[in-house]
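Undergrad: Quick one: the structure is below, questions incoming.
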Amino acid sequence: MSGAVTQGRVRSLTGAARVAAVIGWPVSHSLSPRLHGYWLARHGVDGAYVPLAVRPDSLAQAVRALPHLGFVGANLTLPHKEGALDIVDSVSDAARLIGAINTLIIGSDGLIRGHNTDAEGYLASLLEAVPGFDGRRAVILGAGGAARAVAVALVEHRVTDLLISNRTEQRARELASHLNRHGAGSAAARAIPWPPRPSDLEGAALLVNTTSLGMVGQGPLTLALEGLPRSAAVSDIVYVPLQTPLLQEAAARGHPVCDGLGMLLHQARAGFEAWFGLCPDVTEDLRRHMLAGLQGE
Ligand code: ATR
31 MSGAVTQGRV RSLTGAARVA AVIGWPVSHS LSPRLHGYWL ARHGVDGAYV PLAVRPDSLA
91 QAVRALPHLG FVGANLTLPH KEGALDIVDS VSDAARLIGA INTLIIGSDG LIRGHNTDAE
151 GYLASLLEAV PGFDGRRAVI LGAGGAARAV AVALVEHRVT DLLISNRTEQ RARELASHLN
211 RHGAGSAAAR AIPWPPRPSD LEGAALLVNT TSLGMVGQGP LTLALEGLPR SAAVSDIVYV
271 PLQTPLLQEA AARGHPVCDG LGMLLHQARA GFEAWFGLCP DVTEDLRRHM LAGLQGE
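Per this note's numbering, the sequence shown starts with residue 31, numbered consecutively.
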């Protein structure tokens with residue numbers, strides 16, 4: 031798999047290069063080509079990772095064409111993560127539970143397998159930022175696809191008490207009952223009011239924001255952290271800005287914090303390994319490289 035030629039700053043591919051993609055609409059904002067491109071160059075892999083702009087009504091044709099074009103796989107980003115469930119040949123348990131596919135792996139048999147690496151990515155980033163995290167109660171803000179992945183990750187990590195707070199309370203109730211029916215094992219999930227009251231945060235070991243609030247261009251997340259034990263970790267999946275107002279306030283109160291860039295980086299590792307044959311690391315240099323990309327460099 032190695033064999034890409036690097037001369038000065040020029041990296042060439044051979045005719046045997048492995049090719050993967052990110053499929054989105056639009057796709058131009060995706061940071062995944064920068065991320066995988068870093069790892070490909072860093073490890074001298076004879077491979078490429080390309081952005082493919084695919085309209086929603088062309089998704090099935092595009093995905094079904096991948097094995098014929100020799101692709102080893104792809105990531106799926108907005109708005110395709112749910113639509114791909116009915117297109118691929120098989121769906122992993124995690125993807126089924128989360129209700130979305132973010133990674134396609136094409137086998138030597140030409141079959142397209144759909145996975146979701148967001149839960150494992152979130153857990154790895156949480157454990158990297160808060161080593162030894164082993165809490166039992168977590169409060170999740172939001173009830174969309176990201177909240178599902180975070181909830182699945184936490185259940186896998188022995189969290190037994192999931193409190194879900196969402197602006198549209200009905201979605202919080204639906205996510206809680208989905209988890210209780212299919213994914214929570216011995217854990218219990220329940221909806222709590224939006225926004226959480228200080229008393230809802232008592233006893234929590236983790237508060238995690240999965241909504242878009244706090245992101246550049248979105249509204250602020252206004253939440254009183256009184257009630258949250260000082261030992262509780264605070265995590266945000268928003269990474270623009272990296273230090274969201276929620277994380278700033280949490281850090282000022284002395285909480286351990288976990289920013290959103292870690293999930294983006296860690297969720298990508300499994301796909302890279304499946305496509306290119308080696309498991310890449312998340313390093314400080316990679317974080318700097320991605321932050322420079324976020325700042326438009
Ligand atoms: P994703 O798959 O990234 O989680 P999503 O399914 O669109 O995206 O979910 C976005 C989440 O952010 C939802 O929980 C949404 O709340 P609603 O279910 O009420 O829409 C939340 N969100 C977005 N904008 C919000 C706002 N202005 N105030 C509160 N919550 C908001």
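Positions of the beta carbon are idealized from the N, C-alpha and C atoms, including for glycine.
All values derive from a computational prediction rather than experimental measurement.
(1) Are the beta-carbon atoms of residue 48 and residue 302 separated by less than 8 Å?
(2) Hey, residue 258 and residue 250 are a contact pair by Cβ (cut 8 Å); roughly how many whole angstroms apart?
(3) Could you tell me if the beta carbon of residue 24 falls within a distance shorter than 7 Å of some heavy atom in the ligand ATR?
(4) Pull up the distance between the alpha-carbon of residue 201 and that of residue 221, whole angstroms please.
(5) Which full runs of the beta strand (DSSP E) of 3+ residues lie inside the segment 161-240, going along the chain?
(6) Quick check on this structure: which residue in 270, 67, 133 has the alpha carbon closest to the alpha carbon of residue 115?
(7) Going by the CB atoms, is the gap between residue 225 and residue 261 shorter than 8 Å?
(8) Excluding the 5 residues flanking residue 101 on each side, which residues of the same chain have their C-beta closer than 7 Å to its C-beta?
(9) Could you give the C-beta distance for residue 255 and residue 279, rounded to a whole number, given that I count them as a contact under 8 Å?
(10) In three-state terms, what does DSSP make of residue 296?
(11) Taking 7 Å as the cut-off, does the CB of residue 107 come closer than this to any heavy atom belonging to the ligand ATR?
(12) In the DSSP output, what is residue 120 paired with across the bridge?
(13) Take residue 281 and list the residues in its own chain whose beta-carbon comes closer than 6 Å to its own, dropping the five residues that flank it on each side.
(14) What are the boundary residues of the beta strand (DSSP E) that residue 266 is part of?
(15) Does the distance from the CB of residue 63 to the CB of residue 86 come in under 8 Å?
(16) Tell me which residues pass a beta-carbon proximity test against the ligand ATR: closer than 6 Å to any heavy atom, given in chain order.
(17) What are the boundary residues of the alpha helix (DSSP H) that residue 65 is part of?
(18) Give the DSSP-derived three-state secondary structure of residue 322 in the structure shown.
(19) For residue 269, which option in 74, 291, 171 has the closest C-alpha, if you only look at C-alpha atoms?
(20) Does the pairing of the segment 176-186 with the segment 206-220 give three or more beta-carbon distances under 8 Å?
(21) Could you please give the first and the last residue of the uninterrupted beta strand (DSSP E) stretch that includes residue 79?
(22) Looking at the secondary structure, which residues open and close the alpha helix (DSSP H) in which residue 51 lies?
(23) How many whole angstroms separate the CB atoms of residue 92 and residue 84, which I take to be in contact at a CB cut-off of 8 Å?
(24) For residue 277, which residues of its own chain have a beta-carbon under 7 Å away from its beta-carbon, when the five flanking residues on both sides are left out?
(25) Identify the residues that DSSP records as bridge partners of residue 93: which are they?
(26) So residue 177 and residue 240 are in contact, right, with Cβ under 8 Å, and what is the actual spacing, rounded?
(27) How many Å lie between residue 173 and residue 208 at the Cα?
(28) Could you compute how far the alpha carbon of residue 14 sits from the alpha carbon of residue 185?
TA: Result, derived from the coordinates:
(1) no
(2) Taking C-beta atoms under 8 Å as the contact rule, residue 258 and residue 250 fail to qualify, at a distance of about 18 Å.
(3) A query on residue 24 cannot be resolved here, the shown segment of the chain reaching from 31 to 327 and no further.
(4) 9 Å
(5) You should have 167-171, 191-195, 218-222, 236-239.
(6) 133
(7) The answer is no: Cβ separation not under 8 Å.
(8) The residues are 49, 50, 51, 136.
(9) Correct: roughly 6 Å between the Cβ atoms.
(10) Here residue 296 sits in helix by DSSP.
(11) no
(12) 143
(13) Same-chain partners within the cutoff: 287.
(14) Segment 263-266, the beta strand (DSSP E) holding residue 266.
(15) no
(16) 172, 173, 174, 175, 176, 177, 196, 197, 198, 201, 240, 241, 242, 243, 249
(17) 62-72
(18) helix
(19) 291
(20) yes
(21) 77-83
(22) No alpha helix (DSSP H) holds residue 51; the beta strand (DSSP E) holding it covers 48-54.
(23) 4 Å
(24) Cβ neighbours of residue 277 within its own chain (closer than 7 Å, five residues either side excluded): 264, 266, 287, 289.
(25) Partner(s): none; residue 93 has no beta bridge.
(26) 4 Å
(27) 11 Å
(28) Beyond the ends of the chain as shown, which are 31 and 327, falls residue 14; an answer cannot be given.
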